[in-house]
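As structure tokens, the structure follows; a few thoughts come after it.
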Amino acid sequence: MAFLTRLRSIASAAWPWVRIPFWICMGLLFGFVLPYTLVLNKRVQDRFNDLVFAVPTRIYARPLALEPGQPMTPAALELELTFSGYSNDGRGQVAGSWAKDGSNYVISSRGYAGPDGGELPKRVRVSLAKGQVTAVKDVASDKAVKGAHLDPARIATLYGAQQEERRIVRLADVPPLLIAGLQSVEDRDFKHHIGIDFLAIMRASFANLRAGHTVQGGSTLTQQLVRNLFLDRDQNYTRKFNEALMSILIEAHYDKGRILEAYVNQVFLGQQGSQAVHGFAAASEFYFGRRMEDLRPQEMALLIGMVKGPSYYDPRRYPDRALSRRNLVLDQFASTGLISAADAKTAAATPLGIVSNGQLPHNRFPAFMQLVRAQIINDFDDATLSAGNLSVFTTLDPAAQLYAEEGITTAMKALGKRGDAAQAAAVVTDVQTGSVLAVVGSKDPGDQGFNRAMDARRSIGSLIKPLVYLVALAQPERWNLGTPVDDTPVSMRQPDGTQWTPKNDEGDVHGQVPMVDALVHSWNLATIHLGLEVGVPRIKSFLESFGLTDINPSPSLLLGAQGLAPLQVAQLYQYIAADGHALPLVAVRGVVDDKGKTIKRYEVKTGNGEYQLAVRQVTWAMQQVVRSGTAAAIGKTLGNLNVAGKTGTSNDMRDSWFAGFTGDHLAVFWMGRDDNKPSGLYGATGSLRAWQETFRKLPTRPLSAAPGEGLELAWISPATGKRTDPSCEGARQLPIVAGTLAQDAEGCFWQRVQNWFGDSAPAPASTAPIRD
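Quick note: the sequence shown, position 505, residue 836 per my numbering, numbers continuous.
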């Protein structure tokens, strides 16, 4: 009691002296500090709650199949490995790595789960020879296996507009060594402090005072996170006060796991142009071209070391600094028992391993992604996709996409000034399934703007001709490839009263010519006569059966006076390439939820096929286009592929087209000007070159040169379209529908009579290619 009485006496005596300071402090507390804290608290909670680090919707390419007989070249395989984030470490022992020994590759796949089931990780030896995979063996058992798959590369990630360059991960997916190593280097007391660590501040102050300059920091991971989220880099007392107060508030509201997860996704680790690289997952791709889950200790050490100063320790600009900092972190790993001293020494002896072209792709293939969105929008709206937790597996073939882009770039450069004003687009598909393997919407592949492959409807010119001939050949009792057609002048009155007088490209006429020559040399007049005989309405209906609308009903349709986008042209030619099966073009295989369950599968059911015998005759004729017709340039360079193709040029050389297919791939290329002015390009001088450059590199199977089942090779008289004796002058061996022509062959009697009277037999049509 005496003590309390004395204490009250002292307080009473002191009160007059402390009263004013006390009320000033109370006024500051309730009038400023408390309201200020409440404002900061709301700001902290609003910002932190916005950091919903859910797994985003991820868009994947197709998995690469590696099986004996699969077309493949070393260049294409290495491109696929690099694109999928595999690194060449010389051993191929770690998942996501590979090694090369001559024509043999040791690949450690990561495995994957997808709408078709997926595959467990494997370590295989893949042998290549003569443009294909010759063997696949399991490395451990040295036994042959049916095949393996590379896990599909991620080609896009759907976030909100401000986060589209990030690679957000859950804390559970971060390698344990990365988490433990980060804490050992940056904040050893992370699990115990309240946001600021007074002991660490004292240790750092003492070390800096002793050194005479800053050698150690005392900020916690929470303080670093606050700086990344809320504050600038100014060094003043106000910022330091805010940083400390916000750190305490974050610790008060959120558990350590949530704070750590935010940190690993938010920490600044570099710069790609104007785009900051945030988070360890993004930095892993940016610096090493690999997924964070596949990082090795020395790579984790470098990223952790860069936290101190991403610009100062930039491994591309200052490799010596980065190497020294990395090895210092490895020493700390060893001193804290995270790895052994021997492992630390081994890791320190390795080079930095920085990839030269690391980047964070920003919607790497925008034209293809537009097609993906168009095909799934009925099942998944943008809000659902952006909300995340979905995996969309597409049909994109990285090699086909990149080679098509390179093909356009190379062809454009070769055009010189004509290429400066021109634009381009391309679509590549799988002839067996209708899967869209590549879409290029611009000569600048990364252009996020107008997608010419889907939205540019341009006159298709002579690309219409194989379809005209196909409709005719669907009546084999009336037409075959040897049937003579008129290549003579045409003049017709149009509905508006004008006269339509089309001409051949060279302005000449050829009289009666076999149907196959008319198609091979793309003669306009012969096609018009044939189309009028078949009937324009019938050809129009055939095109409309593919879902096309607003088809030109006039005879000018027969010369391609019809606007279509490259994707629509690909749909038409897919019918021919797929042997008469109408396959819808699809860009999505399936969608999987966050639990690995397939919630939507996009399957294509093939029908029995229609007009297959006509399709096979047209395919054979299109192979002659490549051998000796308007696309002979391909036959000279890629003759082993037995390509079937067709050039196309619209009026006044406004549009240049080429469509061609092999045993595996169909590709449609377009070139022209956006303002629809003449481009100065024929099909053979523009788009054909881009197609040719693409298929110089793209592994693919040759198309069969045989006429196909249901057809027979017969000797045909070009004058009558009927069987004739092989010895007769001008006789042509052509594929026809078996059983449609009488077995009795015409002799050469009338031919000899004509010669007796001085008349020469009909001369075979010229085989000189024109420029269409």
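The beta carbon of each residue, even a glycine, is placed where N, CA and C say it ideally should be.
Residues near residue i in its chain [Cβ-Cβ closer than 6 Å; skip 5 each side]
i, result
"S415", "L481 and A484"
"G940", "G911 and H912"
"V758", "V770, A784, P897, L898, A901 and V999"
"N419", "W429"
"T929", "P446, G921 and V923"
"F1107", "No statement about residue 1107 is possible, as the shown extent of the chain runs from 332 to 1103 and does not include it."
"V364", "Confidence at V364 is low in this model, with a pLDDT of 49, below 50, so the placement of that residue should be treated as unreliable; the coordinate-derived value is given next. Hits under 6 Å: none found."
"L702", "V770 and A918"
"K926", "none"
"L360", "Unreliable placement is indicated for L360, whose pLDDT of 46 sits below 50; the coordinate value is still reported in the next sentence. Closer than 6 Å at Cβ, skipping near neighbours: no residue."
Neighbour flag for residue i against chain C, beta carbons, 7 Å
i, result
"N658", "Reference to chain C is not applicable here, since this structure consists of a single protein chain."
Buried/exposed call for residue i, threshold 16 Cβ in 10 Å
i, result
"A406", "exposed"
"Y643", "exposed"
"L441", "One point to set straight first is that residue 441 is Arg, not Leu, in the sequence displayed. Result: buried."
"V809", "The question names Val, but residue 809 is Arg in the sequence shown. When all chains shown are included, R809 counts as exposed."
"L856", "buried"
"I907", "buried"
"Q493", "Bear in mind that a pLDDT of 39 at Q493, under 50, signals an unreliable position, so the number given afterwards is only what the model happens to contain. Exposed."
"G838", "exposed"
"R293", "Outside the shown range of the chain (332 to 1103) lies residue 293, about which nothing can therefore be said."
"H841", "buried"
"L412", "buried"
"G362", "Because G362 sits at a pLDDT of 49, beneath the cut-off of 50, its placement in the model cannot be relied upon, and the point is left open."
"H524", "buried"
"A678", "buried"
"S872", "exposed"
"I707", "buried"
Pair within 7 Å by beta-carbon distance, residue i and residue j
i, j, result
"V457", "V467", "yes"
"T961", "S853", "yes"
"L654", "A675", "no"
"R443", "G427", "Per the sequence presented here, residue 443 reads as Tyr, with Arg not at that position. Cβ distance not < 7 Å, so Y443 and G427 don't count as in contact."
"I438", "V455", "yes"
"W1001", "L794", "no"
"T1031", "D995", "yes"
"G1039", "L914", "no"
"G813", "G478", "no"
"R1054", "L1072", "yes"
Reference residue i, options the options, closest by Cα
i, options, result
"W1022", "R1032, R1004 and A998", "A998"
"M637", "Y618, Y443 and R622", "Y618"
"V802", "L889, K748, L856 and Q701", "L889"
"S472", "Q463, K453 and M1002", "K453"
"L903", "L1029, F992 and P697", "F992"
"L410", "T814, W429, G878 and G421", "W429"
"G797", "A487, W1001 and T858", "Note on identity: in this sequence residue 797 is Pro, with Gly being the wrong assignment. For P797, the nearest C-alpha among the options comes from T858."
"K461", "G448, V476 and N435", "N435"
"R648", "L683, V703, G1014 and F877", "L683"
"V935", "V762, Y1013 and G668", "V762"
"T388", "T715, L659, P628 and S671", "T715"
"L969", "S981, G979, N982 and Q954", "Q954"
"L502", "G620, T760, E592 and I390", "E592"
"G1070", "S1048, P807, E1060 and G828", "P807"
Residues near residue i by beta carbon distance below 7 Å, same chain, minus five either side
i, result
"Y942", "L801, A805 and G911"
"D712", "none"
"A964", "A1015, L1019 and Q1023"
"A990", "L794, V900, Y904, G976, K977 and V999"
"A745", "R1020"
"N559", "Q597, V598 and F599"
"L669", "L508, A511, G512 and S515"
Same chain only: Cβ atoms within 8 Å of residue i, ignoring 5 sequence neighbours per side
i, result
"L634", "L509, L600, F611, A614, S615, Y618 and L626"
"G400", "Q463 and V464"
"Q830", "S822, M823 and R824"
"I870", "L798, V799, V802, G862, L888 and L889"
"S671", "A665"
Heavy atom of the ligand PLP within 6 Å of residue i beta-carbon
i, result
"A392", "Here there are no bound small molecules, and the ligand PLP is not part of this structure."
Touching or not, the stretch 783-797 and the stretch 883-900, by the rule of three or more beta carbon pairs under 8 Å?
-> Flag = yes, the stretch 783-797 and the stretch 883-900 touch.
Indicate whether the contact test is met: 3 or more Cβ pairs, each with one atom in the stretch 743-754 and one in the stretch 947-956, closer than 8 Å.
-> No, because fewer than three Cβ pairs between the stretch 743-754 and the stretch 947-956 fall closer than 8 Å, the two stretches do not touch.
Counting pairs of beta carbons, one from the stretch 725-738 and one from the stretch 769-776, are three or more of them closer than 8 Å?
-> Three or more beta-carbon pairs drawn from the stretch 725-738 and the stretch 769-776 are found closer than 8 Å, and the two stretches are therefore classed as touching.
Are there three or more Cβ pairs, one per stretch, closer than 8 Å when the stretch 919-932 is compared with the stretch 1032-1045?
-> In short, these stretches do not touch, since the Cβ pair count stays below three.
State whether the stretch 1032-1039 contacts the stretch 972-986, with contact taken as three or more CB pairs (one from each stretch) at a distance under 8 Å.
-> In this structure the stretch 1032-1039 lies against the stretch 972-986, because at least three pairs of beta carbons, one per stretch, are closer than 8 Å.
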